[in-house]
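Engineer: In our numbering, the protein residues as written are 60 to 438.
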């Protein structure tokens, strides 16, 4: 079977869906790998490195995609790419299917079996396929480094001959994978760290990393959703949450927001009034910018200066570390693909919870219920 690795068309996307290491893994499972010339250059992978791993280099994207039985990408396909794909072939990429409705519709028309790495179930067996976690880990780390570089103050406590420098105060909103990595990185830099999350269950993890957990008093599991994700909270909870965040944010030098429910608009945690209560020179790193942002003033892929408060809306922080981001993502994709391969052939077992969970389009049908409901609402 022919596995294609095309170039990413988006100029802001330097990652690639396969590295020489993952190519070897895919070939070992009995598949043939074809890579578009230059696909790995932004991740510092040469065509020769792919050749050495056993891949064949193809210069024409049209030739590559029209012959592919399986196509692996980072971003969802463009309409032009979908036009080139073979009917009934397989397509794997990151895709927020409830938001990328035109893409889903066009893939379905072409009878493509489409899988989203966003939809991989959060189970023990699927851990090595969890691309959201591998990329969020990078985002949490890089967000703190960027915040530190934008601040006009030190992160750590310093005792100098000229006097004592107090440590920076860093507030992390959301203690998922990105938030926990942000906590660990800020602590390593010597900052005083506080973290807030709607899920009380993460308190122990936050405190084990040396941060103070900020908690809204609640008698129910208001923010606990399926698969370990956060879910939308009640209005009463939101009011208490806003008051608590406001109290702590006004004393913070840097704020990292990570609250993102997959496929949904990001919840606004920091309204404009809250930004205006912050100290001049403070920094907000909004890791939910891709879905609108947790800060009301966030602009996707822009850095906004509001009353001397910097709000960074960079939406692809993993892409700022393309070597490791591609390495981890490609391992996730290869693990998922080889899980579906038996004796060199694809075995789409729709009874398997990992395969059926990640599948959103198959045989001209939308198989992912929330995506189907989103499409029905559009009609």
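All C-beta atoms, glycine included, are put in the ideal place defined by N, C-alpha and C.
#1: Hey, how far is the Cα of residue 137 from the Cα of residue 67?
#2: Tell me the rounded alpha-carbon separation between residue 62 and residue 90.
#3: Counting along the chain, where does the alpha helix (DSSP H) carrying residue 433 start and finish?
#4: Could you please give me the residues that DSSP links to residue 251 through a beta bridge?
#5: Can you tell me which of the three DSSP states residue 282 falls into?
#6: Would you kindly work out how many angstroms separate the C-alpha atoms of residue 211 and residue 316, rounded to a whole number?
#7: Could you tell me the alpha carbon to alpha carbon distance between residue 114 and residue 169, rounded to whole angstroms?
#8: Judging by CA-CA distance, which residue of 60, 65, 69 and 74 is the nearest neighbour of residue 379?
#9: With contact counted as at least three CB pairs below 8 Å, one residue from each stretch, are the segment 329-344 and the segment 180-196 in contact?
#10: Please confirm whether residue 343 and residue 307 have their CB atoms less than 9 Å apart.
#11: Name, in chain order, the residues that DSSP records as bridge partners for residue 360.
#12: Given residue 424, which residues of its chain have a CB within under 8 Å of its CB, disregarding the five upstream and five downstream residues?
#13: Please state whether the Cβ-Cβ distance between residue 224 and residue 254 is less than 9 Å.
#14: Have a look at residue 386 and residue 222 and give me their C-alpha separation to the nearest angstrom.
#15: What residues are listed by DSSP as bridge partners for residue 354?
#16: Do the segment 116-136 and the segment 154-167 touch if we need at least three Cβ pairs shorter than 8 Å?
#17: Would DSSP call residue 401 helix, strand or coil?
#18: Residue 392 to residue 298, Cα distance in whole Å?
#19: Excluding five sequence neighbours on each side, which residues of the same chain lie with their C-beta closer than 8 Å to the C-beta of residue 382?
#20: Whose C-beta lies closer than 7 Å to the C-beta of residue 318 among residues of the same chain, with five residues either side of it excluded?
#21: For the candidate residues 275, 295 and 294, whose alpha-carbon lies nearest to that of residue 304?
#22: To which residues of the same chain is residue 107 closer than 7 Å at the C-beta, ignoring the five residues directly before and after it?
#23: If you reduce the DSSP assignment to three classes, tell me which class residue 334 lands in.
#24: Near residue 172, what residues of its chain come up, given a Cβ to Cβ distance below 8 Å and the 5 sequence neighbours on each side ignored?
#25: Closer than 6 Å by C-beta to residue 98: which residues in its own chain qualify, once you throw out the five before and the five after it? Chain order, please.
#26: Under 9 Å, do residue 366 and residue 335 count as touching if we go by C-beta distance?
#27: How big is the Cα-Cα spacing for residue 340 and residue 433?
#28: Can you look up residue 85 in the DSSP assignment and give me helix, strand or coil?
#29: Give the secondary structure of residue 219 by DSSP, where H, G and I count as helix, E and B as strand, and everything else as coil.
#30: Confirm, please, whether the CB-CB distance from residue 430 to residue 153 is below 9 Å.
#31: Using the C-alpha atoms, what's the distance from residue 87 back to residue 119?
#32: By a C-beta neighbour count over all protein chains shown, 10 Å radius and 16 as the cutoff for buried, is residue 282 buried or exposed?
#33: I'd like to confirm the pairing. Which residues does DSSP put opposite residue 95 in its beta bridges?
#34: Determine the contact status of residue 60 and residue 116, defining contact as a CB-CB distance below 9 Å.
Structural biologist: This is what the structure holds:
#1: For the purposes of this step, residue 137 is taken as residue 78 along the chain shown, with counting starting at 1. For the purposes of this step, residue 67 is taken as residue 8 along the chain shown, with counting starting at 1. Going by the C-alpha atoms only, they are around 10 Å apart.
#2: Taking the first residue of the chain shown as 1, we reach residue 62 at position 3. Taking the first residue of the chain shown as 1, we reach residue 90 at position 31. Looking at the two C-alpha atoms, the distance is approximately 7 Å.
#3: Stepping through the chain shown from its first residue, residue 433 is reached at position 374. Counting along the chain, the alpha helix (DSSP H) containing residue 433 begins and ends at 428-437.
#4: The residue you call residue 251 lines up with position 192 of the chain shown. Paired residue(s): 228.
#5: Your numbering for residue 282 matches position 223 in the chain shown. For residue 282, the pLDDT reaches just 47, beneath the cut-off of 50, and the residue's location in the model is therefore unreliable, although a value from the coordinates is still provided. In this structure, residue 282 counts as coil in the three-state DSSP scheme.
#6: Here residue 211 is taken as the residue at index 152 of the chain shown, counted from 1. Here residue 316 is taken as the residue at index 257 of the chain shown, counted from 1. Taking the straight line from one Cα to the other gives about 20 Å.
#7: Locating residue 114 in the chain shown gives position 55, counting from the first residue. Locating residue 169 in the chain shown gives position 110, counting from the first residue. Rounded to whole angstroms, residue 114 to residue 169 spans 27 Å at the Cα level.
#8: By one-based count along the chain shown, residue 379 stands at place 320. The shortest C-alpha separation from residue 379 is found at 74.
#9: Between the segment 329-344 and the segment 180-196 there are fewer than three C-beta pairs closer than 8 Å, too few to call the two in contact.
#10: Working through the chain shown from its first residue, we reach residue 343 at position 284. Working through the chain shown from its first residue, we reach residue 307 at position 248. No; because the gap between Cβ atoms is not below 9 Å, this pair is not in contact.
#11: What you label residue 360 is simply residue 301 of the chain shown in a count that begins at 1. None; residue 360 has no bridge partner.
#12: Counted from its first residue, the chain shown places residue 424 at position 365. The answer, listed in chain order, is 167.
#13: On the chain shown, residue 224 is found 165 positions in, with the first residue counted as 1. On the chain shown, residue 254 is found 195 positions in, with the first residue counted as 1. No, the Cβ-Cβ distance between residue 224 and residue 254 is not below 9 Å.
#14: Locating residue 386 in the chain shown gives position 327, where the first residue counts as 1. Locating residue 222 in the chain shown gives position 163, where the first residue counts as 1. Looking at the two C-alpha atoms, the distance is approximately 45 Å.
#15: For this step, residue 354 is matched to residue 295 along the chain shown. The bridge partners DSSP lists for residue 354 are 329.
#16: yes
#17: The residue labelled residue 401 in the question sits at position 342 within the chain shown. In this structure, residue 401 counts as strand in the three-state DSSP scheme.
#18: Along the chain shown, read from residue 1 onward, the residue named residue 392 stands at position 333. Along the chain shown, read from residue 1 onward, the residue named residue 298 stands at position 239. As the crow flies, the alpha-carbon of residue 392 is around 40 Å from that of residue 298.
#19: Position 323 of the chain shown, counting from 1, holds the residue named residue 382. 102 and 103.
#20: As a working note, residue 318 is residue 259 in the chain shown. Hits under 7 Å: 232, 233, 289, 325, 326, 328, 347 and 353.
#21: For the purposes of this step, residue 304 is taken as the residue at position 245 of the chain shown. That would be 275, whose Cα lies nearest to the Cα of residue 304.
#22: Within the chain shown, residue 107 is the residue found at index 48, counting from 1. Residues of the same chain with their beta carbon placed closer than 7 Å to that of residue 107 are lacking, with the five preceding and five following residues left out of the count.
#23: Reading the chain shown from its first residue, position 275 is the one you call residue 334. Of the three classes helix, strand and coil, the one that applies to residue 334 here is helix, per DSSP.
#24: Locating residue 172 in the chain shown gives position 113, where the first residue counts as 1. Cβ within range, chain order: 147, 148, 149, 150, 407, 418, 420, 421 and 422.
#25: Position 39 of the chain shown, counted from the start, is the residue given in the question as residue 98. Cβ within range, chain order: 64, 66 and 75.
#26: Translated into positions along the chain shown, residue 366 becomes position 307. Translated into positions along the chain shown, residue 335 becomes position 276. Yes. Within cutoff.
#27: What you label residue 340 is simply residue 281 of the chain shown in a count that begins at 1. What you label residue 433 is simply residue 374 of the chain shown in a count that begins at 1. In this model, residue 340 and residue 433 are separated by some 41 Å (Cα to Cα).
#28: Here residue 85 corresponds to residue number 26 of the chain shown, with the count starting at 1. In the structure shown, residue 85 sits in a helix (DSSP, three-state: H, G or I).
#29: Position 160 of the chain shown, counted from the first residue, corresponds to residue 219. Correct three-state label for residue 219: strand.
#30: Within the chain shown, the letter at position 94 stands for residue 153. Within the chain shown, the letter at position 371 stands for residue 430. No; because the gap between Cβ atoms is not below 9 Å, this pair is not in contact.
#31: Here residue 119 refers to the residue found at position 60 when the chain shown is read from its first residue. Here residue 87 refers to the residue found at position 28 when the chain shown is read from its first residue. Roughly 25 Å between the two C-alpha positions.
#32: The sequence position of residue 282 within the chain shown is 223, counting from 1. Annotation note: pLDDT 47 at residue 282 (below 50); position unreliable, no value reported.
#33: The count along the chain shown starts at 1 and reaches residue 95 at position 36. 117.
#34: Here the question's residue 60 lines up with position 1 in the chain shown. Here the question's residue 116 lines up with position 57 in the chain shown. Their beta carbons are not under 9 Å apart, which means residue 60 does not touch residue 116 by this criterion.
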